[in-house]
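No gaps in the numbering here: position 73 of the sequence shown is 73 in this note's numbering, and each next residue is one more.
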Amino acid sequence: MVEHLRQGLGKHGQITHVEEIPGREATFAELPAHLSSSMRDALRSIGVTRLYAHQAQAVQSAVSGEHIVVSTSTSSGKSLCYNIPVLESISQSAAPCALYIFPTKALAQDQLKTLLEMKPAFRSADL
């Protein structure tokens with residue numbers, strides 16, 4: 001794919017750098033101490049008892065008000081990088097609001113399924 005891009009768009013100078021990062025073993029982190037008990041219960045309800053290191057870092061950055069970009073392979077837990085901060089925020093807000101936009105209906109339905117699995121851990125007034 002990279003070579004295809006180099007020969008296409010890249011031949012006009014749009015590609016300035018390509019770097020291959022080799023795969024590595026997963027590293028884990030404990031659930032952040034600041035997570036509410038409801039969030040911990042919600043995560044347990046979907047089988048999550050610890051986070052990947054990139055998830056913990058992304059959650060901490062988002063909670064700190066930083067903008068984040070997460071680029072990892074399929075099924076590496078990107079969704080939790082935004083679901084945890086969003087659910088924590090709306091569960092503690094007097095006027096909760098969150099907008100999710102997905103490129104496909106299938107992805108939207110998959111994400112909704114996960115959110116609905118997590119919802120019972122929060123009081124009905126929370127979400």
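Glycine included, each C-beta is placed from N, C-alpha and C at the ideal position.
Less than 7 Å divides the Cβ of Cys81 from the Cβ of Val70. The bridge partners DSSP lists for Leu115 come to none. Taking C-alpha positions only, Leu115 is separated from Leu43 by approximately 10 Å. Checking the DSSP bridge columns, you'll see Tyr52 partnered with Phe28.
The residue among Phe122, Ser73, Phe102 and Ala94 with its C-alpha nearest the C-alpha of Ile84 is Phe122. Within the same chain, Tyr52 come within 7 Å of Ala26 by CB-CB distance, once the 5 residues on both sides are set aside. Comparing alpha carbon positions, the residue from Ser76, Ile46 and Gln109 closest to Ala58 is Ser76.
Short of 8 Å from the beta carbon of Leu9, and not among the five residues preceding or following it, lie these beta carbons of its own chain, in chain order: Ile15.
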